[in-house]
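At the far end of the sequence shown sits residue 341, using numbering that gives the first Met the number 0, and the numbering has no gaps.
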Amino acid sequence: MTHNIAILGASGYTGAELIRLIATHPSMTIVALSADRKAGMAMADVFPHLRHLSLPILQKIDDIDFSCVDLVFCALPHVTSQAVISNLPADMKIVDLSADFRLRDPDDYKKWYGKPHAATDLQSEAVYGLTEFYRDQITSARLVAGTGCNAATGQYALRPLIKAGAIDLDNIIIDLKTGVSGAGRSLKENLLHAELSEGAHAYSVGGVHRHLAEFDQEFSAIAGREIKVQFTPHLLPANRGILATVYVQGDAEKIYQTLSDAYANEVFIEVLPFGQHPSTRHVRGSNFCHIGAVADRIEGRAVVIAALDNLTKGSSGQALQNANLMLNLDETMGLMMVPVFP
Numbered sequence: 000m001t002h003n004i005a006i007l008g009a010s011g012y013t014g015a016e017l018i019r020l021i022a023t024h025p026s027m028t029i030v031a032l033s034a035d036r037k038a039g040m041a042m043a044d045v046f047p048h049l050r051h052l053s054l055p056i057l058q059k060i061d062d063i064d065f066s067c068v069d070l071v072f073c074a075l076p077h078v079t080s081q082a083v084i085s086n087l088p089a090d091m092k093i094v095d096l097s098a099d100f101r102l103r104d105p106d107d108y109k110k111w112y113g114k115p116h117a118a119t120d121l122q123s124e125a126v127y128g129l130t131e132f133y134r135d136q137i138t139s140a141r142l143v144a145g146t147g148c149n150a151a152t153g154q155y156a157l158r159p160l161i162k163a164g165a166i167d168l169d170n171i172i173i174d175l176k177t178g179v180s181g182a183g184r185s186l187k188e189n190l191l192h193a194e195l196s197e198g199a200h201a202y203s204v205g206g207v208h209r210h211l212a213e214f215d216q217e218f219s220a221i222a223g224r225e226i227k228v229q230f231t232p233h234l235l236p237a238n239r240g241i242l243a244t245v246y247v248q249g250d251a252e253k254i255y256q257t258l259s260d261a262y263a264n265e266v267f268i269e270v271l272p273f274g275q276h277p278s279t280r281h282v283r284g285s286n287f288c289h290i291g292a293v294a295d296r297i298e299g300r301a302v303v304i305a306a307l308d309n310l311t312k313g314s315s316g317q318a319l320q321n322a323n324l325m326l327n328l329d330e331t332m333g334l335m336m337v338p339v340f341p
């Protein structure tokens, strides 16, 4: 059986990544693509690397016939996404890649995103899309909220450790580096080549990055009490990839064993041998996340490092993994491509 797919916001990086992944999916066909300013254009003109594919012309969302669509990927900006999804058919299966449905508490959404949530009924329905930890709920969900790419990386490193009580919950530091595609495709002065290349810089310093809301929500729920981590992201002059270096207090070998046991049966999570650590170059263009645990020279401290591709495992690959579950397909369909190297 082939499932008909629509992608809203197909002219952005995550939309293009979804097309790349679905192009070889044995049970999905793209029947509709939307863009706002680029409506009427062919995808070959927007993304020439997709010119070999036979794809629908980009349309305005209002012009799409959703009666023949089985599942929608919504790759639109936050605020826009909740308005669009509110107007989709009530029985439509949706995977949202924006931030609009990640937070369960409407007050948290207003705090971190600056506006009241306009679709709180849908917000309460949405299932958080970190596949490996919400698999059962995702399988039966109608609306799945994709995670932030930074939030996913940090959670893969820390969720099993928090659940097992393997680390000091009041001393967690996440030092994260991310490629520039995570900022989207819109023109921004600080992302111009001359402004970004040959350097790296921290941003959202001091606890103001919006993905902290996901860390607060998820880690506190696991621990059964409030957990706040220190988190500083850095922008790298690289197109893809996230590397999270997480500093924790606890026995390093226990930390390693906890991670190894937690992910032993997960296809897309690779825990490296004890003492080894990952690189973004080894997961580029793939749906894999590599995790390493290393003992620090200071007794009782350890470093956990996680690497993934922000556009794939951190966003569009995660979205497809969730869609497979929602459509009762093999979770790995369309996602077993080998990382691109060099």
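Even glycine gets a Cβ: it sits at the ideal position worked out from N, Cα and C.
task = Classify Glu197 as buried or exposed, calling it buried when 16 or more other Cβ atoms lie within 10 Å of its own Cβ.
result = exposed
task = Measure how close the beta-carbons of Ile254 and Val303 come, nearest whole angstrom, since I'm counting them as under 8 Å.
result = 7 Å
inquiry  = Three or more C-beta pairs under 8 Å: does that hold for the segment 94–112 against the segment 58–69?
reply    = no
query = Between which two residues does the alpha helix (DSSP H) carrying Val83 extend?
reply = Thr79 to Ser85 is the extent of the alpha helix (DSSP H) around Val83.
Status (buried if at least 16 other CB within 10 Å, exposed otherwise) for Gly183 = Result: exposed.
request  = Provide the residue(s) that pair with Gly291 in DSSP beta bridges, ordered along the chain.
outcome  = Within the DSSP bridge table, the entry for Gly291 names Ile304 as partners.
inquiry  = Counting C-beta neighbours from all protein chains within 10 Å, is the total for Val339 16 or more, i.e. buried, or is it exposed?
reply    = Under this definition Val339 is an exposed residue.
task = Taking all protein chains shown into account, decide if Met0 is buried (16 or more other Cβ within 10 angstroms of its Cβ) or exposed.
result = exposed
request  = Check whether the Cβ atoms of Leu102 and Glu124 lie closer than 8 Å to each other.
outcome  = Contact: no.
Pick from Gln81, Pro88 and Met91 that is closest to Pro105, judged by C-alpha positions = Gln81
task = Please name the residue in Thr231, Pro88, Val126 and Tyr127 whose C-alpha comes closest to that of Arg209.
result = Thr231
request  = Measure the C-alpha to C-alpha separation of Ser10 and Val71 and round it to an integer number of angstroms.
outcome  = 15 Å
message = Tell me whether the segment 277–290 and the segment 231–240 touch, counting them as touching only if at least three CB pairs, one residue from each stretch, are closer than 8 Å.
response = yes
key: Per-residue DSSP class, three states only, for Thr13   = helix
inquiry  = Between the segment 215–229 and the segment 262–274, can you find at least three pairs of beta-carbon atoms closer than 8 Å?
reply    = The segment 262–274 vs the segment 215–229: no contact.
query = Does the Cβ of Val73 have 16 or more other Cβ atoms within 10 Å, making it buried, or fewer, making it exposed?
reply = Note that residue 73 is Cys in the sequence shown here, rather than Val. Answer is buried; the Cβ neighbour count reaches 16.
request  = Taking 8 Å as the cut-off, decide whether the C-beta atoms of Gln317 and Thr130 are in contact.
outcome  = yes
key: the segment 186–194 touching the segment 2–21, judged by at least three CB pairs closer than 8 Å   = no
inquiry  = Out of Lys162, Lys59, Phe46 and Tyr133, which one is the CA nearest neighbour of Leu7?
reply    = Lys59
key: Every unbroken beta strand (DSSP E) inside the segment 110–195 [3 residues or more]   = Taking only runs of at least 3 residues, the beta strand (DSSP E) segments lying wholly in the segment 110–195 are 142–144 and 172–177.
message = Does Val30 pass the burial test, meaning 16 or more other C-beta atoms within 10 Å, or should it be called exposed?
response = buried
Secondary structure of Asp107, DSSP reduced to three states = helix
task = List the whole-angstrom C-beta distance separating Ile172 from Gln216, where the pair is believed to meet the contact cut-off of C-beta under 8 Å.
result = In fact, because the Cβ distance is near 19 Å, the residues do not count as touching under 8 Å.
ask   = Skipping 5 residues on each side, what residues in its chain have a beta carbon closer than 8 Å to that of His24?
value = Leu319, Met332 and Gly333
key: Counterpart residues of Val94 in DSSP-defined beta bridges   = Phe72 and Val143
key: First and last residue of the uninterrupted beta strand (DSSP E) at Val385   = Absent from the structure is residue 385, since the part of the chain shown begins at 0 and ends at 341.
message = Beta-carbon within less than 7 Å of Asn309's beta-carbon, same chain only, minus the 5 sequence neighbours each way: which residues are those?
response = Cys148, Thr177, Gly178, Ser180, Gly181, Arg239, Gly240 and Ile241
request  = Kindly indicate which residue of Thr79, Gly153 and Val45 has the alpha-carbon position closest to the one of Ala305.
outcome  = Gly153
inquiry  = Contact defined as beta carbons within less than 8 Å: I believe Ala165 pairs with Thr244. What is the distance between those atoms, to the nearest angstrom?
reply    = Actually they do not touch by this definition, with Cβ atoms about 18 Å apart.
request  = Mind checking who Thr28 pairs with in its DSSP beta bridge?
outcome  = Asn3
ask   = Does the Cβ of Ile226 have 16 or more other Cβ atoms within 10 Å, making it buried, or fewer, making it exposed?
value = With 16 or more other Cβ atoms within 10 Å, it is buried.
key: Which residues DSSP lists as bridging Ser33, in chain order   = Leu7 and Gln58
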